[in-house]
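**Q**
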Amino acid sequence: MAFTPLNALNAFLVVGRKRSFAAAASELGVSASALSQSVRQLEKRLGVVLLTRTTRSVSLTDAGRRLLESAGPPVEQALDALKTATARPGEVSGSVRLTVPTVAVTPVVTPILARFLRRHPRVEVDLRVEDRLVDVVAEGLDAGIRMSEALERDMVQVRLSGSSRFVVVGAPAYLERRGTPERPTDLLTHDCLCIRSETTGSIYQWELERGQRSWRVPVRGPFVSAHWRAHVELAEAGLGLAYVFEPSVEAELARGTLRLVLEPYAARVEGFFLYFPSRAQVSPAFRAFLDVAREVTAAPR
6 MAFTPLNALN AFLVVGRKRS FAAAASELGV SASALSQSVR QLEKRLGVVL
56 LTRTTRSVSL TDAGRRLLES AGPPVEQALD ALKTATARPG EVSGSVRLTV
106 PTVAVTPVVT PILARFLRRH PRVEVDLRVE DRLVDVVAEG LDAGIRMSEA
156 LERDMVQVRL SGSSRFVVVG APAYLERRGT PERPTDLLTH DCLCIRSETT
206 GSIYQWELER GQRSWRVPVR GPFVSAHWRA HVELAEAGLG LAYVFEPSVE
256 AELARGTLRL VLEPYAARVE GFFLYFPSRA QVSPAFRAFL DVAREVTAAP
306 R
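So, in structure tokens, the structure goes:
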């Protein structure tokens with residue numbers, strides 16, 4: 006990989022976003038060793054260390070994080086501009102990079118993407134499905150989707166869904182065998198399928214509410230995972246109670262393979278929001294995505 010400052014900068018930006026030389030090399034179509042050499046030459050030229058490398062991980066230094074945040078957006082806009090130059094008049098091209106949580110994909114994101122990709126076939130959408138809290142600026146993304154309580158104040162927010170609930174569910178067989186909890190504290194005596202936060206690594210305490218009261222229950226059980234679908238399937242199999250986003254189990258509730266538990270205590274959340282930095286210079290491709298998102302959200306379901 007020939008060294009030029011711009012080539013090396015782009016190489017660093019991709020590695021910084023991916024946190025992996027192998028993944029970045031795959032995206033750029035070069036070898037990981039060539040990519041590593043290019044980044045080292047950039048570090049030597051700048052006189053600073055941008056990446057901390059171990060045998061198992063790659064992380065950003067403070068200098069690397071600053072460079073990623075300041076150079077990432079304009080470089081991506083320049084690359085999008087090259088794609089736009091080949092487009093026909095009035096045709097939108099470029100790329101849109103999004104991070105979304107797993108539970109938002111089917112009910113929120115898929116309807117938007119279906120309309121957007123039909124209307125703008127020259128736009129490439131990079132959809133990253135992950136349940137950790139993501140800094141879209143630091144990782145060179147256009148936007149993300151989160152529930153409102155997880156949004157930073159300096160972000161523009163566009164509502165994508167109405168309010169909904171997080172609910173506790175269990176299979177009929179489990180409830181017949183172990184009984185049905187009637188109060189939040191009853192969960193302490195049940196097998197609960199525990200949620201591990203991908204952001205902090207800690208076990209999530211189930212949140213319930215009723216009127217002005219709220220509970221955070223430190224549940225325990227035979228299974229811990231950040232993968233919500235595994236919780237649903239194990240709950241259906243009768244192995245324990247699960248705490249899930251209600252729209253994600255509509256089919257199971259309709260079939261009767263899962264039942265709502267402690268429904269009067271279900272915690273309501275504001276819904277999902279598209280968020281992006283208020284200071285961001287929005288690309289034509291992302292502007293088009295934003296327009297379609299607003300159309301789909303406004304349309305009756």
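Taking the working numbering, I'd label the letters of the sequence shown as residues 6 to 306.
Ideal Cβ placement from N, Cα and C applies to all residues, glycine included.
Output the boundary residues of the alpha helix (DSSP H) element that contains L302.
**A** As a working note, residue 302 is residue 297 in the sequence shown. Checking the displayed sequence, the identity of residue 302 turns out to be Thr instead of Leu. It spans P289 to A303 - the alpha helix (DSSP H) in which T302 sits, taken as one unbroken run.
**Q** In whole angstroms, what separates the C-alpha of A27 from that of D140?
**A** As a working mapping, residue 27 is identified with position 22 in the sequence shown. As a working mapping, residue 140 is identified with position 135 in the sequence shown. So the alpha carbons of these two residues sit roughly 22 Å apart.
**Q** Give me the Cα-Cα distance between D159 and H125, rounded to the nearest whole angstrom.
**A** Locating residue 159 in the sequence shown gives position 154, counting from the first residue. Locating residue 125 in the sequence shown gives position 120, counting from the first residue. Put simply, the backbone Cα of D159 is about 29 Å away from that of H125.
**Q** Determine whether the beta carbon atoms of R260 and A143 lie at a separation below 8 Å.
**A** On the sequence shown, position 255 is the one that residue 260 refers to. On the sequence shown, position 138 is the one that residue 143 refers to. No, they are not a contact pair.
**Q** Let me confirm a value: P269 is counted as buried when at least 16 other C-beta atoms fall within 10 Å, else exposed. Which label applies?
**A** Working through the sequence shown from its first residue, we reach residue 269 at position 264. Flag for P269 reads exposed.
**Q** Take P282 as the anchor and find which of F291, R22, R188 and A29 has the nearest alpha-carbon.
**A** Here residue 282 refers to the residue found at position 277 of the sequence shown. Among F291, R22, R188 and A29, the Cα nearest to that of P282 is on F291.
**Q** Cβ of A293 within 8 Å of Cβ of V128?
**A** Translated into the one-based positions of the sequence shown, residue 293 becomes position 288. Translated into the one-based positions of the sequence shown, residue 128 becomes position 123. Yes; because the gap between Cβ atoms is below 8 Å, this pair is in contact.
**Q** Where does the unbroken alpha helix (DSSP H) through L103 begin, and where does it stop?
**A** Locating residue 103 in the sequence shown gives position 98, counting from the first residue. L103 -> not in any alpha helix (DSSP H); beta strand (DSSP E) instead, spanning G99 to V105.
**Q** Any idea if G99 is buried or exposed, counting beta-carbon neighbours within 10 angstroms, 16 or more meaning buried?
**A** Taking the sequence shown and counting its residues from 1, one reaches residue 99 at position 94. Classification of G99: buried, given that the 10 Å Cβ count is 16 or more.
**Q** In angstroms, rounded to a whole number, what distance separates the CA positions of V172 and A76?
**A** The residue you call residue 172 lines up with position 167 of the sequence shown. The residue you call residue 76 lines up with position 71 of the sequence shown. Near 42 Å, if we compare the C-alpha coordinates of A76 and V172.
**Q** In chain order, what residues of the same chain have a beta carbon less than 6 Å from the beta carbon of R273, not counting five sequence neighbours either side?
**A** As a working note, residue 273 is residue 268 in the sequence shown. Same-chain partners within the cutoff: S168 and R170.
**Q** Taking only three categories from DSSP, how would you classify M6?
**A** Here the question's residue 6 lines up with position 1 in the sequence shown. Per-residue confidence for M6 stands at a pLDDT of 49, beneath the threshold of 50, marking its modelled position as unreliable; no derived number is given.
**Q** Could you check whether L246 and D196 sit closer than 8 Å to each other, using their CB atoms as the reference points?
**A** Within the sequence shown, the letter at position 191 stands for residue 196. Within the sequence shown, the letter at position 241 stands for residue 246. Cβ atoms of D196 and L246: closer than 8 Å.
**Q** If you check the beta carbons only, do G145 and L73 fall under 8 Å apart?
**A** As a first step, residue 145 must be located in the sequence shown, where it is residue number 140. As a first step, residue 73 must be located in the sequence shown, where it is residue number 68. Yes, these two residues count as a Cβ contact at 8 Å.
**Q** How many angstroms separate the CA atom of G184 from the CA atom of P177?
**A** For this step, residue 184 is matched to residue 179 along the sequence shown. For this step, residue 177 is matched to residue 172 along the sequence shown. The straight-line gap from Cα to Cα measures roughly 10 Å.
**Q** With a threshold of 8 Å, are at least 3 pairs of Cβ atoms found where one atom belongs to the segment 55-68 and the other to the segment 104-117?
**A** no
**Q** Using the C-alpha atoms, what's the distance from G216 back to G206?
**A** By one-based count along the sequence shown, residue 206 stands at place 201. By one-based count along the sequence shown, residue 216 stands at place 211. Each residue's CA atom was taken as its position, placing G206 and G216 some 31 Å apart.
**Q** Quick one: using the 10 Å Cβ neighbour count with 16 as the cut-off for buried, is G21 buried or exposed?
**A** For the purposes of this step, residue 21 is identified with residue 16 of the sequence shown, where counting begins at 1. It counts as buried.
**Q** To the nearest angstrom, how far is it from the Cα of F228 to the Cα of S253?
**A** Here residue 228 is taken as the residue at index 223 of the sequence shown, counted from 1. Here residue 253 is taken as the residue at index 248 of the sequence shown, counted from 1. Going by the C-alpha atoms only, they are around 20 Å apart.
**Q** Helix or strand or just coil, what does DSSP make of D140?
**A** Within the sequence shown, numbered from 1, the residue matching residue 140 stands at position 135. In the structure shown, D140 sits in coil (DSSP, three-state: anything other than H, G, I, E or B).
**Q** Return the residue from the list E300, R234, E238 and P289 that minimises the CA-CA distance to S166.
**A** Here residue 166 corresponds to residue number 161 of the sequence shown, with the count starting at 1. Taking only the C-alpha atoms, the option nearest S166 is E300.
**Q** Pick helix, strand or coil for A247, following the three-state DSSP scheme.
**A** For this step, residue 247 is matched to residue 242 along the sequence shown. Strand.
**Q** CB L279 to CB V163, shorter than 8 Å?
**A** Residue mapping note: residue 279 aligns to position 274 of the sequence shown, counting from 1. Residue mapping note: residue 163 aligns to position 158 of the sequence shown, counting from 1. Contact: yes.
**Q** Apart from the five residues on each side of it in sequence, which residues of its chain come closer than 8 Å, Cβ to Cβ, to Q210?
**A** Start at 1 with the first residue of the sequence shown, and residue 210 comes out as number 205. If we look at Q210 and ignore the five residues flanking it on each side, its Cβ neighbours are R221, V222, P223 and V224.
**Q** For I208, report the span of its beta strand (DSSP E) as first-last.
**A** Along the sequence shown, read from residue 1 onward, the residue named residue 208 stands at position 203. Premise fails: I208 is in no beta strand (DSSP E) and is neither H nor E.
**Q** What residue range is occupied by the uninterrupted beta strand (DSSP E) comprising A272?
**A** Here residue 272 is taken as the residue at index 267 of the sequence shown, counted from 1. Here the beta strand (DSSP E) through A272 covers A272 to V274.
**Q** Report all residues from its chain with a CB closer than 6 Å to the CB of L103; omit the five preceding and five following residues, and keep chain order.
**A** Taking the sequence shown and counting its residues from 1, the one referred to as residue 103 is at position 98. L132 and A148, listed in sequence order.
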